[in-house]
Amino acid sequence: MSRRIGLSVIVLVMVLALAVPALAQAGPDAAGPVNIVMDFQWIRQGQVGIVRVNGADVEEVRAVFQERVFHFYPDGSGFTGLISASMERDVGAYVMQVWIKYADGTSERVDESIQVNYGEFGRSDVTLPPSLMPLLEQDVNQNELDRLANVFTRFTPERYWDTGFVLPSGNEQIGWFGAYRLYNGTYWYQHTGLDMRMPIGTSINAAASGRVILSELLPIRGGYVLIDHGWGIYTGYAHMSERFVVPGEWVRQGDVLGLSGNNGRSSGAHLHWEVIVGGEWVDPLAFLNLSAVASAE
Ligand SMILES: [Zn+2]
65 MSRRIGLSVI VLVMVLALAV PALAQAGPDA AGPVNIVMDF QWIRQGQVGI VRVNGADVEE
125 VRAVFQERVF HFYPDGSGFT GLISASMERD VGAYVMQVWI KYADGTSERV DESIQVNYGE
185 FGRSDVTLPP SLMPLLEQDV NQNELDRLAN VFTRFTPERY WDTGFVLPSG NEQIGWFGAY
245 RLYNGTYWYQ HTGLDMRMPI GTSINAAASG RVILSELLPI RGGYVLIDHG WGIYTGYAHM
305 SERFVVPGEW VRQGDVLGLS GNNGRSSGAH LHWEVIVGGE WVDPLAFLNL SAVASAE
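Right, dumping it as structure tokens:
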């Protein structure tokens with residue numbers, strides 16, 4: 065009897081001796097575990113969710129969501145990532161792969177499911193004068209989008225903004241993010257920003273501190289200023305009649321970037337303000353409500 069127990073103990077020890085090193089080698093979370101916290105239960109199309117990763121010896125965090133790479137940024141005790149859901153992708157459950165690299169060189173991947181719900185986008189009809197009809201051509205639109213997408217692939221790990229984000233103008237809001245617009249009864253485009261009605265020549269203020277990346281005349285956006293705020297966040301200001309800033313220039317929140325106008329693919333004097341997070345257009349008003357970027361008041 066006692067001999068049988070003794071044999072069992074020996075076999076058990078042998079099994080453990082074989083198993084433990086194997087586990088340690090394959091153990092992806094040898095340096096973990098990490099804590100992944102999402103500050104949302106689901107997000108809408110065209111909106112942003114905040115993800116925080118905390119854990120000992122975490123050196124770098126990235127996530128892949130809807131085939132885009134999102135860089136996380138050191139934020140005090142851990143890492144913060146702003147995950148944007150495309151306004152153009154279907155609703156449903158998507159896997160977010162979180163890649164964590166540890167100081168000892170090991171890494172692991174943790175999968176989280178994120179539910180994307182309907183953006184509740186409106187629709188409207190827009191009539192442009194015949195002179196602007198060439199701006200409805202698909203390749204004109206695509207060339208401009210490609211140009212901007214190329215800019216958005218740059219990720220600035222520093223955080224340039226300090227006191228949060230605010231609207232660049234207090235004027236009346238007349239056009240909503242994500243709206244499906246039928247131009248001249250022919251072309252459908254989804255609205256990438258928020259429109260505010262204002263007389264030509266109204267001062268346009270920087271929504272937050274950052275660095276000017278573009279200041280030029282684009283076919284569709286007209287006089288356009290684009291600011292890099294760091295952390296993969298950009299804000300764009302379109303249809304401006306005058307621009308007072310140049311690429312490379314640093315601006316503070318509230319600085320006058322230029323004057324509003326009515327150029328590019330515009331059917332009336334207004335400012336088109338757009339926010340880009342992780343390479344996706346996001347709802348500017350929802351973005352302003354995010355705790356990570358809310359204005360400190
Ligand atoms: Zn617009």
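Using the numbering used here, you'd call the opening residue of the sequence shown number 65 and step up by one each time.
For glycine and all other residues, C-beta sits at the position ideal for the given N, C-alpha and C.
Going by CA-CA distance only, name the one from the options that's closest to residue i.
{"i": "Gly342", "options": "Asp292, Gly312, Val190, Glu176", "result": "Asp292"}
{"i": "Leu129", "options": "Gly142, Ser177, Tyr137", "result": "One point to set straight first is that residue 129 is Phe, not Leu, in the sequence displayed. For the residues Gly142, Ser177, Tyr137, the minimum Cα distance to Phe129 belongs to Ser177."}
{"i": "Leu445", "options": "Leu246, Arg211, Phe308", "result": "In the structure as shown, the chain begins at 65 and stops at 361. Residue 445 is therefore absent and cannot be evaluated."}
{"i": "Asp189", "options": "Ile284, Trp252, Gly325, Val159", "result": "Trp252"}
{"i": "Tyr298", "options": "Glu124, Trp337, Glu306", "result": "Trp337"}
{"i": "Val159", "options": "Pro311, Glu131, Leu231", "result": "Glu131"}
{"i": "Trp35", "options": "Trp225, Tyr224, Leu258, Asn248", "result": "The chain is shown from 65 up to 361; residue 35 falls before or after that span and cannot be answered."}
{"i": "Ile100", "options": "Val133, Ser141, Gly110", "result": "Ser141"}
{"i": "Leu321", "options": "Asp175, Pro194, Val289", "result": "Val289"}
At a cut-off of 7 Å, is residue i close to ligand 1 when judged by its beta-carbon and the heavy atoms of the ligand?
{"i": "Gly183", "result": "no"}
{"i": "Asp347", "result": "no"}
{"i": "His336", "result": "yes"}
{"i": "Asp189", "result": "no"}
{"i": "His255", "result": "yes"}
{"i": "Asp319", "result": "no"}
{"i": "Gly239", "result": "yes"}
{"i": "Asp168", "result": "no"}
{"i": "Asp259", "result": "yes"}
Are residue i and residue j closer than 8 Å when you measure CB to CB?
{"i": "Ser233", "j": "Thr256", "result": "no"}
{"i": "Gly113", "j": "Asp103", "result": "yes"}
{"i": "Ser359", "j": "Thr227", "result": "yes"}
{"i": "Ile268", "j": "Leu335", "result": "yes"}
{"i": "Arg173", "j": "Gln161", "result": "yes"}
{"i": "Ala272", "j": "Phe219", "result": "no"}
{"i": "Arg329", "j": "Leu192", "result": "yes"}
{"i": "Gly286", "j": "Met304", "result": "yes"}
{"i": "Ala270", "j": "Arg211", "result": "no"}
{"i": "Trp225", "j": "Val180", "result": "no"}
{"i": "Ile277", "j": "Val215", "result": "yes"}
Could you tell me which residues DSSP pairs with residue i in its beta bridges?
{"i": "Pro138", "result": "Phe143"}
{"i": "Ser359", "result": "None, per the DSSP bridge assignment."}
{"i": "Leu323", "result": "Ser267, Glu306"}
{"i": "Ala157", "result": "Gln179"}
Measuring straight from C-alpha to C-alpha, what distance separates residue i and residue j?
{"i": "Leu87", "j": "Ala167", "result": "Per-residue confidence for Leu87 stands at a pLDDT of 37, beneath the threshold of 50, marking its modelled position as unreliable; no derived number is given."}
{"i": "Phe351", "j": "Glu201", "result": "30 Å"}
{"i": "Val339", "j": "Ser331", "result": "21 Å"}
{"i": "Ser150", "j": "Ala157", "result": "13 Å"}
{"i": "His135", "j": "Trp295", "result": "8 Å"}
{"i": "Phe143", "j": "Asn118", "result": "6 Å"}
{"i": "Asp139", "j": "Arg116", "result": "9 Å"}
{"i": "Gln236", "j": "Pro97", "result": "The question names Gln, yet the displayed sequence has Glu at residue 236. C-alpha separation (whole angstroms): 49 Å."}
{"i": "Glu344", "j": "Val204", "result": "19 Å"}
{"i": "Leu196", "j": "Arg223", "result": "39 Å"}
{"i": "Met262", "j": "Asn326", "result": "10 Å"}
I want to see whether chain B comes within less than 8 Å of residue i, judged by CB atoms only; does it?
{"i": "Ile264", "result": "Reference to chain B is not applicable here, since this structure consists of a single protein chain."}
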